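Novice: Numbering (our numbering), first residue to last: 62 to 459.
The C-beta atom is built at its ideal place from N, Cα and C for all residues, glycine as well.
Please read all numbers here as calculations on a predicted model, not as lab measurements.
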């Protein structure tokens, strides 16, 4: 038997055949010529293909020549090699035969994309204020192609990300800088795996920061004076005391300083969210002012503010209550409130909130006409507030 192959097929030791994995179906891979020196039936030779699966097909060209052609589309990543046999025999009696065993090997081409392990969650949670050059994950990348070289790199959307995140040659995700939750709480990154012929696969990387209690709670002032008139009803809302905390998830609790609580516990009430109320009716002759401290606590840091309650009947607001208006026409009413200091005006507990609008500059608009309106007026500036409860407007129609 004489065997020869096309130029793109390698034959080694007349038994090992090497072809490219992307070879077309019905492509010739072997040419075989057989002969027998005997004459007649003794010299008539036949070749028979022996194979469990029909990966190749044997075609007869003439009595002595055969072609072996491919019968399937190959994929080295699924099956990398096959075996089959050729039985050669004459038609004499008894007949003589030989069997040649062939191994067919597929040569790898770079036809596969790199891929990541889809069972892994590529979302990472780290504490803010991390150490510099922190390694948070080592990526495993796969490629069915043999000896393929894969590189990882980020597809950054801005220069800031480029200065923070880095993939080294060991495929480790490194955070180069310490991150601050209050500046930015999460990052979305695109990671690309690329092989030698630029097959690319992308995945989304999510990095979330844990908010640590690393910022102190802070009042923006250290003193507030609240002025009220005597004989006001108890349970009057005075003001909401508020501190600031850059830690977004911190809960701030407010309470009266332990050294002051015994003195003021029967006078005022402070809720844990900072709302301040009166507990009694104040008389100026008995108490004209008192002070106490309020603490804001975020469970790790505290700050203190001094509160002064001033009971004072001095005229701070014009016009005074009750305010009477003689009305000749059914129209809107506008009243300009004035205070002796530069404050903002706020309306609370209105008897007809839909018909009254009080602007911060003190302009009151009465939209519809009733005989009587009542409401509370709050005056506030940076560290001062005053409350006028049950302000009454009476309207007489002429």
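#1: Determine which residues share a DSSP beta bridge with residue 371 and list them.
#2: Per DSSP, which residues does residue 261 bridge with? Please list them.
#3: What did DSSP end up calling residue 542 once you bin it into helix, strand or coil?
#4: Give the straight-line distance between the Cα atoms of residue 453 and residue 271, rounded to the nearest whole angstrom.
#5: I need the straight-line Cα distance from residue 337 to residue 298, nearest angstrom please.
#6: Can you tell which of 323, 329 and 314 has its C-alpha closest to the C-alpha of residue 295?
#7: According to DSSP, what are the bridge partners of residue 409?
#8: Considering only the alpha carbon of each residue, which of 262, 159, 239 and 304 lies closest to residue 358?
#9: Unbroken beta strand (DSSP E) runs of length 3 or more, entirely within the segment 228-253: which are they?
#10: Check whether the segment 271-282 and the segment 361-371 are in contact - that is, three or more C-beta pairs closer than 8 Å.
#11: For residue 366 versus residue 282, is the C-beta spacing smaller than 9 Å?
#12: Answer with buried or exposed for residue 402, where buried requires no fewer than 16 other C-beta atoms within 10 angstroms of its C-beta.
#13: Does the Cβ-Cβ distance between residue 264 and residue 251 come in under 9 Å?
#14: Anyone know if the C-beta pair for residue 426 and residue 417 falls short of 9 Å?
#15: Can you tell me the Cβ-Cβ gap for residue 372 and residue 355, rounded? I've got them flagged as a contact below 8 Å.
#16: Please classify residue 206 as buried or exposed, where buried requires at least 16 neighbouring CB atoms within 10 angstroms.
#17: Could you compute how far the alpha carbon of residue 126 sits from the alpha carbon of residue 92?
#18: Mind checking whether residue 353 and residue 321 have CB atoms under 9 Å apart?
#19: Under 8 Å, with one C-beta from each stretch per pair, do the segment 186-202 and the segment 230-246 reach the 3-pair mark?
#20: Given a cut-off of 9 Å, decide if residue 446 and residue 286 are closer than it, judged by their beta-carbon atoms.
#21: Output the boundary residues of the beta strand (DSSP E) element that contains residue 164.
#22: Could you tell me how far apart the beta carbons of residue 187 and residue 78 are, in whole angstroms, since I believe they sit closer than 8 Å?
#23: Rounding to the nearest angstrom, what Cα-Cα distance links residue 331 and residue 438 in this structure?
#24: For residue 323, which of helix, strand or coil comes out of DSSP?
#25: Take the Cβ of residue 137 as the centre, count every other Cβ of all protein chains shown within 10 Å, and call the residue buried at 16 or more, exposed below.
#26: What first and last residue would you give for the beta strand (DSSP E) that runs through residue 301?
#27: Cα-Cα, which of 410, 396 and 413 is closest to residue 420?
#28: Less than 8 Å between the CB atoms is what I'm expecting for residue 141 and residue 148, so what's the real figure, rounded?
#29: Bridge partners for residue 385 per DSSP, in chain order?
#30: Would DSSP call residue 112 helix, strand or coil?
#31: Please report the straight-line C-alpha distance between residue 348 and residue 449, rounded to a whole angstrom.
#32: Just to confirm my understanding: we take residue 216, look at its own chain, exclude 5 residues before and 5 after, and list those with CB closer than 6 Å. What are they?
#33: Sort 211, 435, 314 and 107 by Cα distance to residue 171 and report the nearest one.
#34: How many angstroms separate the CA atom of residue 311 from the CA atom of residue 382?
#35: So, residue 167 versus residue 135, is the Cβ gap smaller than 9 Å?
#36: Reducing DSSP to helix, strand and coil, say where residue 422 ends up.
Specialist: According to the structure shown:
#1: Residue 371 pairs with 288 and 350.
#2: Its beta-bridge partners are 255.
#3: Here the chain has residues from 62 to 459 only, and residue 542 is not among them.
#4: 52 Å
#5: 6 Å
#6: 329
#7: 437
#8: 304
#9: 233-236
#10: yes
#11: yes
#12: exposed
#13: Between residue 264 and residue 251, the CB-CB gap stays under 9 Å.
#14: Taking the C-beta atoms as reference points, residue 417 is found nearer than 9 Å to residue 426.
#15: About 19 Å; that fails the 8 Å criterion.
#16: buried
#17: For residue 126 and residue 92, the distance between alpha carbons rounds to 7 Å.
#18: yes
#19: yes
#20: Result yes, Cβ atoms of residue 286 and residue 446 sit closer than 9 Å.
#21: Its beta strand (DSSP E) spans residues 158-168.
#22: Residue 187 to residue 78, Cβ: 55 Å. No contact.
#23: The alpha-carbon of residue 331 is positioned some 21 Å away from that of residue 438.
#24: Reduced to three states, the DSSP call for residue 323 is helix.
#25: buried
#26: For residue 301, the uninterrupted beta strand (DSSP E) segment begins and ends at 298-301.
#27: 396
#28: Wrong, their Cβ atoms sit about 25 Å apart, outside the cutoff.
#29: 455
#30: Here residue 112 carries a coil assignment [DSSP, helix/strand/coil].
#31: The alpha-carbon separation between residue 348 and residue 449 amounts to approximately 18 Å.
#32: 251 and 253
#33: 211
#34: Their Cα atoms are separated by approximately 43 Å.
#35: yes
#36: coil
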